[in-house]
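Everything below concerns the one structure shown next.
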Amino acid sequence: MSRVDKVIISTAAVMANGGLIAHSGAYQLVMAAQEHSIPVIVVSAMYKLTPMYPFDSMKLNELYSPQTIMGMEEGDNMGNLSAVVPAYDYVPPEYISLYITNQGGFSPNYIYRQFSENYTKEDKLEDEEDM
1 MSRVDKVIIS TAAVMANGGL IAHSGAYQLV MAAQEHSIPV IVVSAMYKLT
51 PMYPFDSMKL NELYSPQTIM GMEEGDNMGN LSAVVPAYDY VPPEYISLYI
101 TNQGGFSPNY IYRQFSENYT KEDKLEDEED M
């Protein structure tokens, strides 16, 4: 990371607290960036903003079979091994430097304001009923 000056990632969803749901591996990437004081920029459209809070990140996730990344024939004597591969990582807002959207650039702690400007109270209530 010594030759990297910024990390740019996309997101599957931007949470109401400023955190995000991104593809698996994103959390490790942003932790390494923070360790080396490299800014993390997230590129996302405003339609990916969700009123949900990440109370249980596994509930928001999809779990795949480990065969999607490694065939089971490569391991000997697997026995009672049970493994899953998460499709997404939750990245807390403190790891994000800037969100760039179709409406401009925003700090993670400003996302709640974007949510209130783009969604009504009824939108939030409908989303809670779906859970």
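Going by our numbering, the sequence shown opens with residue 1, and the numbers climb by one from there. No residue lacks a Cβ here, since even glycine has one placed at the ideal position from N, Cα and C.
CB-CB length for residue i against residue j, believed under 8 Å
i     : j      : result
Leu49 : Gln114 : 6 Å
Ile9  : Ala26  : 6 Å
Ile38 : Ile100 : Contact doesn't hold; Cβ gap of about 16 Å is too wide.
His23 : Tyr88  : 6 Å
Ile96 : Leu20  : 7 Å
Pro51 : Tyr110 : Pro51 to Tyr110, Cβ: 16 Å. No contact.
Best match in the options for proximity to residue i [C-alpha to C-alpha]
i      : options                         : result
Asn17  : Val40, Glu122, Ala83 and Pro108 : Pro108
Tyr112 : Val91, Tyr53, Ser37 and Lys6    : Tyr53
Pro92  : Arg3, Lys6, Ser2 and Ala13      : Ala13
Ala32  : Tyr110, Asp5, Pro86 and Met15   : Asp5
Leu98  : Ser2, Val43, Gln34 and Val84    : Val43
Glu117 : Gln34, Val85 and Tyr47          : Tyr47
Start and end residues, alpha helix (DSSP H) containing residue i
i      : result
Tyr112 : Ile111 to Asn118
Glu30  : The sequence as given places Val at residue 30; Glu does not occur at that position. Segment Ala26 to Glu35, the alpha helix (DSSP H) holding Val30.
Endpoints, the beta strand (DSSP E) within which residue i is located
i     : result
Val43 : Val40 to Val43
Tyr88 : Tyr88 to Val91
Leu20 : Leu20 to His23
Leu98 : Leu98 to Thr101
Val7  : Val7 to Ser10
Burial state of residue i (16 or more Cβ within 10 Å)
i      : result
Thr11  : buried
Ala45  : exposed
Tyr90  : buried
Met1   : exposed
Met131 : In this predicted model, Met131 has a pLDDT of only 49, less than 50, meaning its place in the structure is not dependable; the value taken from the coordinates is given anyway. So Met131 ends up on the exposed side.
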